[in-house]
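Chemist: Please read through the structure below; I'll follow up with questions.
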Amino acid sequence: EDKVVQSPLSLVVHEGDTVTLNCSYEVTNFRSLLWYKQEKKAPTFLFMLTSSGIEKKSGRLSSILDKKELFSILNITATQTGDSAIYLCALRSGYSTLTFGKGTMLLVSP
Amino acid sequence: DAGITQSPRHKVTETGTPVTLRCHQTENHRYMYWYRQDPGHGLRLIHYSYGVKDTDKGEVSDGYSVSRSKTEDFLLTLESATSSQTSVYFCAISEGAGQSTGELFFGEGSRLTVL
C-alpha cells in the first residue's frame, strides 16, 4: 500500500523566514509526486516531480525529489503572509489515483 | 481555472436520509474523482471514474456509491447518511493518469453536515 508522510504537521514562522516542508513516501511503482497548496477552498497545483535531483521552481517556491531516499522537499524563501496555507504532498503510483499526505499547515505571522 | 462545478456547496441533513452530490466538468477530462477531507486525515479517495460507466473504489468507499452516465457528470450518493460522513467533499478531474497528465484539478468543495 502506498504511503505519504508529511512533516511537520504544522509550522509557524515569521514573515521573511525560509521554510522547508518534507514529504516522505513508500510506493511500489512510482510515477510522480505532486505538491498542492490549499488556502480556504480547493487545493491548487504547485509542482509535479518525476525525476530525481531536478529542481522545479516557481517564484519563491521550489521543490526537489530524491527517488533513492524516497522523499521530496518544498522550499519557500522570504515567506509572506499570503503563503499561509495547508501544503499537500501527493503520490501517483502505477494506478490512476493520487494518495495524499495529511498536509503541513503553515502560518506566516507578520 | 478548470471548469468544475460542485453542487450543492453546503448541505445539512439528518441521519438516515439519502444525499447526492454532483460534480460537473466542462473540460472533457476522462478521469473524475471524489475525495473527502477531514481534520487529521487529509484528502482520502472515495471513488473514481475512468470513463462513462467505469468506476472503481477508493480507500474509504463504504457507505458511498457513484455513477457516471455522461463524461461531464459524476454523482456521489450517500444512501443513508451517518454522522461519520460529515465532511468536506471535493471533486477532482484529470486528463489522464500518465506522468505528463497526472495533475488533478479540484472543485470548490461541498460541505456536508449530518445531524
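In order, the protein sequences belong to chains A and B. So that you can map any letter, position 16 of the first sequence is 166 in the numbering used here, and since no number is skipped, the others follow by simple counting. So that you can map any letter, position 72 of the second sequence is 175 in the numbering used here, and since no number is skipped, the others follow by simple counting. A virtual CB, placed ideally from N, CA and C, is assigned to each residue, including glycine.
#1: Between which residues of its own chain and residue 108 of chain B is the CB-CB distance below 6 Å, once the five residues before and five after are set aside?
#2: Tell me, please, whether the CB atom of residue 127 of chain B is closer than 9 Å to any CB atom in chain A?
#3: How would you write the range of the beta strand (DSSP E) that residue 176 of chain A sits in, first residue to last?
#4: Please tell me whether residue 158 of chain A has its Cβ less than 9 Å away from any Cβ of chain B.
#5: Considering only residues of the same chain and omitting the five flanking positions on each side of residue 249 of chain A, which have a CB-CB separation below 6 Å?
#6: How would you label residue 158 of chain A, buried or exposed, when you count the other beta carbons within 10 angstroms and need 16 or more for buried?
#7: Quick check: residue 189 of chain B and residue 217 of chain B, are their CB atoms within less than 9 Å of each other?
#8: Less than 9 Å between CB atoms is the rule here; does residue 195 of chain A satisfy it with respect to chain B?
#9: Any beta carbon from chain A within less than 9 Å of residue 147 of chain B's own beta carbon?
#10: Could you tell me which chain B residues have their CB closer than 8 Å to the CB of residue 252 of chain A, listed as they occur along the chain?
#11: Whole angstroms are fine: how far does the CA of residue 187 of chain A sit from the CA of residue 203 of chain B?
#12: In chain B, which residues lie with their C-beta within 9 Å of the C-beta of residue 319 of chain A?
#13: Cutting at 8 Å between CB atoms, please list the residues of its own chain near residue 155 of chain B, excluding the five before and the five after it.
#14: Starting from the C-beta of residue 202 of chain A, find all residues in its chain whose C-beta is less than 7 Å away, skip the five residues before and the five after it, and write them out in chain order.
#15: Using 9 Å as the limit for Cβ to Cβ distance, is residue 228 of chain A near chain B?
#16: If you draw a straight line from the alpha carbon of residue 142 of chain B to that of residue 164 of chain A, how long is it in whole angstroms?
Modeler: So, from the data block:
#1: On the second sequence, residue 108 of chain B is found 5 positions in, with the first residue counted as 1. Excluding sequence neighbours, residue 108 of chain B sits near 127.
#2: On the second sequence, residue 127 of chain B is found 24 positions in, with the first residue counted as 1. Answer no: the Cβ-Cβ gap between residue 127 of chain B and chain A never drops below 9 Å.
#3: Here residue 176 of chain A is taken as the residue at index 26 of the first sequence, counted from 1. Start and end: 169 to 176.
#4: By one-based count along the first sequence, residue 158 of chain A stands at place 8. No, residue 158 of chain A does not count as interfacial toward chain B.
#5: Mapped onto the first sequence, residue 249 of chain A falls at position 99. Closer than 6 Å at Cβ, skipping near neighbours: 152, 154, 241.
#6: Position 8 of the first sequence, counting from 1, holds the residue named residue 158 of chain A. Residue 158 of chain A is exposed by the Cβ-count criterion.
#7: Counting from 1 along the second sequence, the entry for residue 189 of chain B is found at position 86. Counting from 1 along the second sequence, the entry for residue 217 of chain B is found at position 114. In contact: residue 189 of chain B and residue 217 of chain B (Cβ atoms closer than 9 Å).
#8: Translated into the one-based positions of the first sequence, residue 195 of chain A becomes position 45. True, the Cβ-Cβ gap to chain B drops below 9 Å.
#9: Residue 147 of chain B sits at position 44 when you count from the first residue of the second sequence. By this cut-off, residue 147 of chain B is an interface position.
#10: Taking the first residue of the first sequence as position 1, residue 252 of chain A is located at position 102. Simply 143, 144, 145.
#11: Taking the second sequence and counting its residues from 1, one reaches residue 203 of chain B at position 100. Taking the first sequence and counting its residues from 1, one reaches residue 187 of chain A at position 37. Reliability of the predicted coordinates at residue 203 of chain B is poor, the pLDDT of 49 falling under 50, and the value obtained from them is presented with this limitation in mind. Cα to Cα, residue 203 of chain B sits roughly 20 Å from residue 187 of chain A.
#12: Because chain A spans 151 through 260 in this model, residue 319 of chain A falls outside it and cannot be assessed.
#13: On the second sequence, position 52 is the one that residue 155 of chain B refers to. 171, 172, 173, 174.
#14: Translated into positions along the first sequence, residue 202 of chain A becomes position 52. The residues are 215, 216, 217, 218.
#15: For the purposes of this step, residue 228 of chain A is taken as the residue at position 78 of the first sequence. Cβ-Cβ to chain B under 9 Å: no for residue 228 of chain A.
#16: The residue given as residue 142 of chain B occupies position 39 in the second sequence. The residue given as residue 164 of chain A occupies position 14 in the first sequence. Approximately 25 Å, taken between the alpha carbons.
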